[in-house]
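**Student:**
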Amino acid sequence: MLTDRQKEILEAGGLPTEYDDLTRSQQNSITAIEELLTYLEEKYDAEFNYLGYVPGELMDEEHLIAYPASGSSDDEVTVYRRYDEDGQPSYTDDYMCLAARPWYQAAVEAFFAETFQPEKFQVYTKLTGADDGVSEGTVLKAASAEIYALIDEEAYSQEQLESFVKAYGDWMKEQSGSGRSSSTSIYRVSGEFLAKTDRFNYLDNILTGEKSGRITCSVSADGEINIF
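Note that our numbering has the sequence shown beginning at 1, numbered continuously upward.
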C-alpha cells in the first residue's frame, strides 16, 4: 500500500500511482524513498520534502536528496544508506550543515561588522561538514565551511581589504581551534552588485558579475593559514 506522499512523488514523475503497476525497479525506489524520508523525519523530528533519489548502482551510492518542509528547496539535505557485510543498514546525512549554517554565518558577519559598515558588505556561507553535537557556541570549532563575502569597492580599497584579511585569518584560526577547515573568498564589487545579490543567487552573480578585486583566505584543519 502506497502512502499519499509516495503517490504524489510518483505522479509528479509521470509514473503510475498503483504499486502493482510499477516495475520492480520503480517499486524498490519508491519504497526506499519513503524509508529514507522517514529516517530523516524521525531523527530530526521535522517534516521533509522529496527532491531526488539515486539507487545504489554501478559507481553511485544509494542516497536521497530532500529539504525541510519549513524551508526552501535550495536547503538541500542528502542522506546516504550503506550496508555492512551482514546486510545491516547504516545512515549518514548532512542535515547539521544546514541547521548550523545560520550560527556560522552570524559569527563571521559579526567579525566583518567590526571593520565594515553593515550596508557595505554581505557574507554567505556553505557548510561542508558539521559534528552532530554542533551548537551556536561551538560552530566555528565543529563545522567546516566555504565562505563568500562581498565588499563595496567604493567604500573600501584593495589595501584595506588585504589588511583586514590578515586579521581575519588569525581570528579564524583561533576560533576554529585547529579542528575544522574554512575557505573564505572576498570580492570587491559595486554597490549595484550588492543590491541585486542574495543567498539564492550569490554564486551565479559571483561567477558572472564584474569584480574589481579578490582575496582568498584558507585555514586548514591543522591551523595553517594561506592568503592568496
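Where is the CB? At the ideal position from N, CA and C, for every residue including glycine.
(1) Shortest alpha-carbon distance to Gly213 belongs to which of Glu162, Ser182, His63 and Glu224?
(2) Hey, how far is the Cα of Ala130 from the Cα of Asp94?
(3) For Leu186 versus Ile215, is the C-beta spacing smaller than 7 Å?
(4) Return the first residue and the last residue of the beta strand (DSSP E) that Val219 is part of.
(5) Is Glu8 helix, strand or coil when you go by DSSP?
(6) Around the Cβ of Arg188, are there at least 16 other Cβ atoms within 10 angstroms (buried) or fewer (exposed)?
(7) I need the straight-line Cα distance from Ala32 to Asn226, nearest angstrom please.
(8) In whole angstroms, give me the CA-to-CA distance for Glu230 and Thr92.
(9) Can you name the residues that DSSP bridges to Thr78?
(10) How do the region 138-149 and the region 97-115 stand: do at least 3 beta-carbon pairs fall below 8 Å, yes or no?
(11) Whose CA, out of Tyr104, Glu224 and Tyr39, lies closest to the CA of Gly169?
(12) Nearest by alpha-carbon distance to Tyr50: which of Asn201, Ala12 and Phe116 is it?
(13) Write down the C-beta distance between Ser25 and Ala46 rounded to the nearest angstrom, noting that I regard them as a contact closer than 8 Å.
(14) On the premise that Ser182 lies in contact with Ile151, defined as a C-beta separation below 8 Å, what is that separation, rounded to the nearest angstrom?
**Tutor:** According to the data block:
(1) Here the question's residue 213 lines up with position 213 in the sequence shown. The shortest C-alpha separation from Gly213 is found at Glu162.
(2) Here residue 130 corresponds to residue number 130 of the sequence shown, with the count starting at 1. Here residue 94 corresponds to residue number 94 of the sequence shown, with the count starting at 1. In a straight line, the C-alpha of Ala130 is about 8 Å away from that of Asp94.
(3) In the sequence shown, residue 186 corresponds to position 186, counting from 1. In the sequence shown, residue 215 corresponds to position 215, counting from 1. Sequence inspection shows Ile at residue 186; the Leu mentioned does not correspond to that position. Cβ distance < 7 Å, so Ile186 and Ile215 count as in contact.
(4) Position 219 of the sequence shown, counting from 1, holds the residue named residue 219. Gly213 to Val219 is the span of the beta strand (DSSP E), which, as asked, contains Val219.
(5) By one-based count along the sequence shown, residue 8 stands at place 8. For Glu8, the three-state secondary structure derived from DSSP is helix.
(6) Start at 1 with the first residue of the sequence shown, and residue 188 comes out as number 188. Buried.
(7) Indexing the sequence shown from 1 puts residue 32 at position 32. Indexing the sequence shown from 1 puts residue 226 at position 226. The C-alpha of Ala32 lies about 43 Å from the C-alpha of Asn226.
(8) Residue 230 is absent from the model: the chain starts at 1 and stops at 228.
(9) Here residue 78 refers to the residue found at position 78 of the sequence shown. Ile65, per the DSSP bridge assignment.
(10) By the C-beta criterion, the region 138-149 is judged to be in contact with the region 97-115, since at least 3 inter-stretch pairs fall below 8 Å.
(11) As a first step, residue 169 is located in the sequence shown; it is residue number 169 there, counting from the start. Minimum Cα distance to Gly169 is reached at Glu224.
(12) Reading the sequence shown from its first residue, position 50 is the one you call residue 50. Ranking Asn201, Ala12 and Phe116 by Cα distance to Tyr50 puts Ala12 first.
(13) Taking the sequence shown and counting its residues from 1, the one referred to as residue 25 is at position 25. Taking the sequence shown and counting its residues from 1, the one referred to as residue 46 is at position 46. About 30 Å separates the two Cβ atoms, so there is no contact after all.
(14) Locating residue 151 in the sequence shown gives position 151, where the first residue counts as 1. Locating residue 182 in the sequence shown gives position 182, where the first residue counts as 1. The distance from the Cβ of Ile151 to that of Ser182 is about 18 Å, inconsistent with a contact at the 8 Å cut-off.
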